[in-house]
Amino acid sequence: VRLDKLLNTDDFRKAAKRKLPAPMFHYLDGGADDEWTLADNTDAFTRYPLLPEYLKDLSVVDTTTRLLGAELKAPLILSPTGMNRLFHHEREPAVARAAARHGLMYSLSTLGTTSMEDVAAASGGPKMFQIYIHKDRGLTMEFVARAKAAGYDALCLTVDMVAGGNRERDLRTGFLMPPKLTLSSLSSFITHPGWTFNLLRNSDFRLANVAHRQDALASGAMGVISYVNSQFDHSVTWDDAAKVIEAWGGPFAIKGILSPADAVRARDVGASAVMISNHGGRQLDGAAAPIDCVAPMRDAVGADMELIVDGGVRRGNHVVKALALGANAVSFGRPYLYALAAAGEAGVDRMLGLMVDEIRRSLALSGCATVAAAGRHLLAPERPAVY
Ligand code: FNR
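Each number in full-length UniProt numbering corresponds to the 1-based position in the sequence shown with 8 added.
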């Protein structure tokens, strides 16, 4: 891959498609059911045309912001994504190091293929750990204690995994975790020899944060969805969230909320932030695009709660639109995974650099010298319907 030829997130997607065997690429790229929500997550940004304002001093554009207890160089977070070993042998530490280099917050999933201690050792940058509550409730409090000891800035609790989403691409490609050579996937492994060679060199796909507690995982034959269905606790309520928030006692986000009423509940149980998200269109197809939920949620929770929009963010102008609607920051998953798959740490480094440049340029072109300057004045009033 000639990294200097990759100019935007879609270029990285195409590069990832060339590198990854089909089961891995489609697990990364796909969504649930008809993938309507997946497509709408990005399409929805077109519903918010910008009205820039000019002749201000824009000689210096400051993209820094304070969020989730950390200083960030741009209002951009790397969303938690499980099992990064599927996409590249350099896995989570490579992504965390690249994020730290750009001063961005990295989030590590419970289902990562690197332990939270190893990620902390790899990167001194801003970090968040993402929790799924397992039936083994002891694990949750263990996560809280370990994240504290390892120096994480924030925790987030993902709440939209009450069942595994219906991801039909994974059924068609025969996706398995850990990956296995099967008759149906054989040709796609053979035609992606780079990835397959690294599989033979380093085939440690353990879910490092939970492996010590899950005998089922050690044997490793389970698909992700059956793992979710058998190991996660689907009886979790707001009372349980409140207990985790209290035990943590620091910046805390509830991830996977779209409803303003839920955002008010999150605030009332003590969360400091919401990650407005539909899990990248991988869970409930038909769910609203996160960007459409920002303004109503801001109106419901007031000015103090931190709102982070997660899903479909692919361009710097998307970030400006999110800020203008009332978000404090955006977060994204697939773009950095495409970059990891394309070229490991160097790929993520390049992609994040492009994105931060786009944010700076889009802020300037909108007439904003700071993140805080991007307000609702940037949004065109309702346009008349076209008949
Ligand atoms: C995810 N996502 C996710 N979310 C989470 O809370 N815990 C997790 O383990 C994962 N795992 C995961 C794996 C993969 C391959 C993807 C693509 C996504 C969802 C993720 O945090 C985020 O919500 C979406 O990726 C946002 O949408 P975009 O940016 O991918 O469009």
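Just so it is clear, CB atoms sit at the ideal spot from N, CA and C, and this is done for glycine as well.
Any non-hydrogen atom of the ligand FNR closer than 7 Å to residue i Cβ
i	result
Asp318	yes
Ser234	no
Arg342	yes
Leu76	no
Lys263	yes
Thr121	no
Gln138	yes
Tyr35	yes
His96	no
Leu345	yes
Pro187	no
Ser243	no
His287	yes
Arg93	no
Arg99	no
Arg290	yes
Asn49	yes
Ser131	no
Assigned secondary structure, residue i (DSSP; H/G/I helix, E/B strand, else coil)
i	result
Gly195	According to the sequence provided, residue 195 is Ser. The question's Gly does not apply to it. The answer is helix: DSSP assigns Ser195 an H, G or I state.
Ala377	coil
Ala108	helix
Thr148	helix
Ala388	coil
Leu58	strand
Arg273	helix
Ser227	Here Ser227 scores only 49 on pLDDT, less than 50, and its place in the model is too uncertain to base an answer on.
Thr190	coil
His96	coil
Val302	helix
Phe205	helix
Leu362	helix
residue 3	With the chain covering only 9 through 395, there is no way to say anything about residue 3.
Phe213	coil
Thr50	helix
Pro101	helix
Residue i beta carbon near the ligand GTP (any heavy atom closer than 7 Å)
i	result
Val321	Among the ligands modelled here, namely the ligand FNR, the ligand GTP does not occur.
Residue i - partner residues in DSSP beta bridges
i	result
Ala78	Leu75
Tyr114	Leu86, Lys135
Leu163	Phe137, Phe260
Thr142	Strictly speaking, residue 142 in this sequence is His, with Thr absent from that position. His142 pairs with Phe240.
Glu314	Ala281
Ile265	Ile284
Phe340	Leu86
Asp70	Thr378
Buried versus exposed call for residue i [16 or more other C-beta atoms within 10 Å across all chains shown]
i	result
Val68	exposed
Met283	buried
Arg74	exposed
Pro343	buried
Lys13	exposed
Asn92	buried
Pro201	exposed
Margin query: If contact is defined by three or more beta carbon pairs under 8 Å, each pair taking one atom from either stretch, is the region 27-42 in contact with the region 286-293?
Written below: They touch, by the three-pair rule.
Notebook entry, point to check: Is there contact here, the region 335-348 with the region 305-319, by at least three beta-carbon pairs under 8 Å?
Noted result: Touching, yes.
Check: Within the chosen definition, does the region 162-171 reach the region 10-28 through at least 3 CB pairs nearer than 8 Å?
Finding: Judged by pairs of C-beta atoms under 8 Å, the region 162-171 does not touch the region 10-28, as fewer than three such pairs exist.
Check: Is it a yes or a no for the region 116-128 touching the region 369-384, going by three-plus beta-carbon pairs under 8 Å?
Finding: Judged by Cβ distances under 8 Å, the region 116-128 makes no contact with the region 369-384, as fewer than three pairs qualify.
Note to self: Measuring CB atoms only, is the region 300-309 touching the region 183-200, in the sense that at least three cross pairs come out at less than 8 Å?
What the structure shows: Fewer than three pairs of CB atoms, one per stretch, sit closer than 8 Å, so the region 300-309 makes no contact with the region 183-200.
Item checked: Inter-stretch contact (C-beta, 8 Å, three-pair minimum) for the region 260-277 and the region 144-164 -> Cβ pair count under 8 Å is three or more, so yes.
Next item on the list: Take every Cβ of the region 344-358, pair it with every Cβ of the region 25-38, and state whether three or more of those distances are shorter than 8 Å.
Entry: The region 344-358 is in contact with the region 25-38.
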